[in-house]
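Chain order of the listed sequences is A and B. Our numbering numbers the first residue of the first sequence as 1 and each following residue consecutively. Our numbering numbers the first residue of the second sequence as 1001 and each following residue consecutively. Ideal Cβ placement from N, Cα and C applies to all residues, glycine included. Model, not experiment: these values are computed from the prediction. Reviewing the structure listed below.
Protein chains: 2
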Amino acid sequence: MSLGKKYKRITISKLIQEYISLTGFENPSKALYTSVKELVDNSLDACEEARVLPEIFIRILEVDPDKRIFNILVWDNGSGVPAFNVPFAFGSMLYGSKYTTKQTRGVFGIGIKNVILYGQMTAHYPTTVISSSDGRNIYYFELLMEVSENKPHIISCKRYVANFAWRGTLVSVFIKGNYRNARHRILEYLKNTAIANPHAHIVFIDPHGVVYEFKRGISEVPEPPKETVYHPHGVDLEQLKEIILHSRSKDMISFLMDNFQRIGRKRAIEILRKAGIPESLNPKKLTISQRKALLDAFRHVRFERPQSGHLSPIGDHILYEGIRKELLPEFIAVSARKPSSYRGHAFIVECALAYGGEIKPKDSFKIIRYANKVPLLHSLSEDVSKKVVDEIKWSRYGVPMQAPIVIVTHVCSDKLPYRTLCKEYIADIPEIHQEIKLALLECARKLKLYLSKKKRRASFLKRKAILEKYLSKIAFFASELAEREPPEYSSLIEKLEAEAIGKEGRVEKEANSS
Amino acid sequence: MSLGKKYKRITISKLIQEYISLTGFENPSKALYTSVKELVDNSLDACEEARVLPEIFIRILEVDPDKRIFNILVWDNGSGVPAFNVPFAFGSMLYGSKYTTKQTRGVFGIGIKNVILYGQMTAHYPTTVISSSDGRNIYYFELLMEVSENKPHIISCKRYVANFAWRGTLVSVFIKGNYRNARHRILEYLKNTAIANPHAHIVFIDPHGVVYEFKRGISEVPEPPKETVYHPHGVDLEQLKEIILHSRSKDMISFLMDNFQRIGRKRAIEILRKAGIPESLNPKKLTISQRKALLDAFRHVRFERPQSGHLSPIGDHILYEGIRKELLPEFIAVSARKPSSYRGHAFIVECALAYGGEIKPKDSFKIIRYANKVPLLHSLSEDVSKKVVDEIKWSRYGVPMQAPIVIVTHVCSDKLPYRTLCKEYIADIPEIHQEIKLALLECARKLKLYLSKKKRRASFLKRKAILEKYLSKIAFFASELAEREPPEYSSLIEKLEAEAIGKEGRVEKEANSS
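Right, dumping it as structure tokens:
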């Protein structure tokens, strides 16, 4: 019986090729959208790495209308990929530069390879990668992926020495797509990207030759995230094993101090005493039960919250500016929370609420979600943000569900709890849920304040119109009767106005500075 | 700048260890549920392979209440795993026996390894596997997973020669869990498994010592699925490459006939002519452009629908029996569709609708979903079945959304479009959507018929009571007047009854035979 079973090994590329719907390529329209998203996310990461203002150019061409084959070209001015790394970085899954403890948009090291894999499954043209990481030597690669071996297959490779300075990467890939159905999603993705990255300049030329330009709103480069070491609460037995493997410490005290956040000499001694481990022990000699005792001791010690220097939040004024330039609302409230943590991983939540202006009322609030600055467009109903929005009693804040409101949420962390390989939504982790809720309630309170001020203002303006109409007459007749000059009553109205509602424009500014 | 980038390679195990929420282990309660699910699914597959009536025993013990460490033990009478394969089948991802073209519950070859990985991250006890594939030699393994190499690490291995006949597998694993929160899901999973597999006998002992038994409802073993070759419409360039690699055919005609469904000699000649490929060409010599031409030719030829011998639907009477024994409803309608296909992959949809009886009314219909006989408990709102149920205008069939209704859907295919690595839901593919809709509409029509018959019956019974009351008097007085014996009128009422509503119990039987 057992002979009938065929045990075999496959590569990750083969698994994904067989179940391409795992990675967001379940039909030609979704595939076109996902491809653009993966390429642009990569470009933005490369620009952050290079600390430059992103200049991203995207072009989609329909090269074979009969078979619906499209060419996607994305060009950036980012850090470039060193020539030596190009073949594997583009042609082999689970190889890349994103396996760090700092926040990046890409994390799994499979996104761009999925695009190339889907391309060769459906169009079978080689992918072209042109890159320069030093601004002088430009490398040109044409490559395919060897799925059964998860290795790149290089078709051709050339080196040019440029007589101009260009650093960055250009990727050109052919895939089967459907632009008519994907158009809406691609534009939504680019618009939402522009909101969260107002320092980027993005130009997109679609297959009909229509040019969409997302202009730069601010010209400061966000502070890039730094690498960090683990927080003691974020470590499991497997990670501990790896930290020990790479550590050069000769004794346990320096091992703890060098490899973990928030551990000084005093605390290290306390932990080792709790765990019953000698201070002078070489960490490589820890037994399995000692490792378990160490993690137990971690759990019974109170540490400060994880550091957040490796995170890169959008920033409240950048988020405000992005929303202002792309959504043109009447009112914006932004709430940026302090770093928090779940299971030892730091995370930061930023939320915003935009009301009125160019925003049109709908059946329910529109929710724009970001994870590590990347817009999430699918599986809304499973996402933690949607669950929070549904939980809040909005009527308490004077807004019906049909109000013209857009909610923006951003969660960033070095370890986001994604639920799918195409990072479509993040899991409903209690700590993240709570932070989003607090941020949105703060925005809701600001909105309530604004709306009540607006109401008061409207009712005052009505009274003011009546006052102005009759005050002039009263003043005129009173001065006639008293045979004196008519008094200056306009300052009186201004004073009343200031008392009742504050100067015009104050509300917007307050929201800005929050 | 580029020097700051650290390119490196990781294994699939490492990726999953870092992002364990990808595979359904995002918290201790979900982890306990997912572990039971993966182990039981595997056991059911092994029993199907061995063509035996499944006897599955599950025990969860809380071994360390302070640290919430649980031991899960699952024991089956399936085909067993050959000793040579045990270490890799349990300790290395992307290795297994499920990479075939026939339908199995497991498909990715990572499920059971995730359980072992999560166990060693949180409890770090070795996993025990005891297995016999020949009924005589029993092998005992203790193993861990080497995450950074994706390889098993064998702690100990022994062989016993049994003086009794036992074939099957026993797995015992330690994980951090939360039974209080997982209890409900685990019982729901087991109950739904019992509905779809009424030939299985499942016993579960929970940490409190409570025994749950799911008795066998029928004692026939379902026909096991067979391996198949590809349908021409389900092949992409990467698959074609692999088929060519493994083919032993010397010319194109036999290559097409041997490696694809629905291609005879005549059709093979037609395809080759369309593609402009010589009939006698050795398939290994096909150029890339010839391969593309071949796939193009496939696309322009009409083939019969894919064969479905490699699929294993539940079967309408088994589904009926499973629902009857577990839900105890008043009425059941089952609709099993004929095999259909999407992108060259055959699939079969089976749906059922249960009404009344022990089913309690809720705010909306309860939906029990199956994919390849495996119950799906999470992410309902994204699933194709939910979308279909929401689309149907139930009021047209005389049922409000609060009616006491349970809907059961089953989709089986060798290639289900799963969206997550833990197979929580299937994508909304138009072809599958349509088949589910047709099946549910058929069930809804049957329900409508039943309800209207039930209504007619109730109103007739009322009339019957009146008739019976007065008919006897009329008959008595009439016979007195006529000075004759009173006539036999009961056959008259029976006749009327048969005309109006049919015999009692007919409705249930009709539903059964549908």
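C-beta neighbour in chain B for residue i, strict 8 Å
| i | result |
| --- | --- |
| A:Lys6 | yes |
| A:Arg9 | yes |
| A:Met121 | yes |
| A:Pro87 | no |
| A:Glu238 | yes |
| A:Ile195 | no |
| A:Leu311 | no |
| A:Leu294 | no |
| A:Tyr19 | yes |
| A:Leu187 | no |
Pairwise C-alpha distance: residue j and residue i
| i | j | result |
| --- | --- | --- |
| B:Cys1157 | B:Leu1053 | 29 Å |
| A:Phe70 | B:Gly1078 | 49 Å |
| B:Val1036 | B:Ser1254 | 46 Å |
| A:Leu73 | A:Gly119 | 13 Å |
| B:Arg1009 | A:Asp258 | 24 Å |
| B:Ser1148 | B:Gln1434 | 44 Å |
| A:Ser21 | B:Leu1094 | 18 Å |
| B:Glu1480 | B:Pro1487 | 11 Å |
| B:Lys1151 | B:Asn1282 | 39 Å |
| A:Arg136 | A:Lys102 | 29 Å |
| A:Glu188 | A:Leu451 | 29 Å |
| A:Ala297 | A:Phe303 | 12 Å |
| A:Ala268 | B:Val1411 | 56 Å |
| A:Glu142 | A:Pro87 | 9 Å |
Reduced DSSP secondary structure (H/G/I, E/B, other) of residue i
| i | result |
| --- | --- |
| A:Arg337 | coil |
| A:Val36 | helix |
| A:Cys443 | helix |
| A:Pro224 | coil |
| A:Glu508 | Unreliable placement is indicated for A:Glu508, whose pLDDT of 46 sits below 50; the coordinate value is still reported in the next sentence. Residue state, collapsed to three classes: helix. |
| A:Gly111 | helix |
| B:Thr1409 | strand |
| B:Lys1373 | coil |
| A:Gly96 | strand |
| B:Asn1071 | strand |
| A:Asp64 | strand |
| B:Thr1128 | strand |
| A:Ile314 | coil |
| B:Leu1015 | helix |
| B:Ile1348 | strand |
Buried or exposed by the 16-neighbour rule on C-beta atoms within 10 Å, applied to residue i
| i | result |
| --- | --- |
| A:Gly287 | With the sequence shown as reference, residue 287 of chain A is identified as Thr, and Gly is not the correct amino acid for it. Per the 10 Å Cβ criterion, exposed. |
| B:Ala1162 | exposed |
| B:Glu1048 | buried |
| A:Lys423 | buried |
| B:Asp1390 | exposed |
| A:His579 | Chain A is shown from 1 up to 514; residue 579 of chain A falls before or after that span and cannot be answered. |
| A:Gly505 | A caution first: A:Gly505 carries a pLDDT of 40, below 50, which makes its placement in the model too unreliable to give a value. |
| A:Ile155 | exposed |
| B:Gln1261 | buried |
Cutoff 8 Å: residue i Cβ touching any chain A Cβ
| i | result |
| --- | --- |
| B:Gly1096 | yes |
| B:Arg1419 | yes |
| B:Glu1062 | no |
| B:Thr1101 | no |
| B:His1124 | yes |
| B:Ala1165 | no |
Close Cβ partners of residue i (< 8 Å) along its chain, the five nearest in sequence each way excluded
| i | result |
| --- | --- |
| A:Leu237 | Arg291, Lys292 and Leu295 |
| A:Ser133 | Ser79, Gly80, Val81, Pro82, Ala83 and Arg167 |
| B:Ile1277 | Met1252, Leu1286, Gln1290, Ala1293 and Leu1294 |
Same chain, Cβ closer than 6 Å to residue i, neighbours up to 5 away in sequence not counted
| i | result |
| --- | --- |
| A:Ile405 | Tyr355 and Phe365 |
| B:Val1107 | Lys1098 |
| B:Ile1429 | Tyr1342 and Pro1417 |
Cβ-based neighbour list, residue i, same chain, cut-off 7 Å, excluding 5 preceding and 5 following
| i | result |
| --- | --- |
| A:Val40 | Ile56, Ile58, Val74 and Thr193 |
| A:Glu18 | none |
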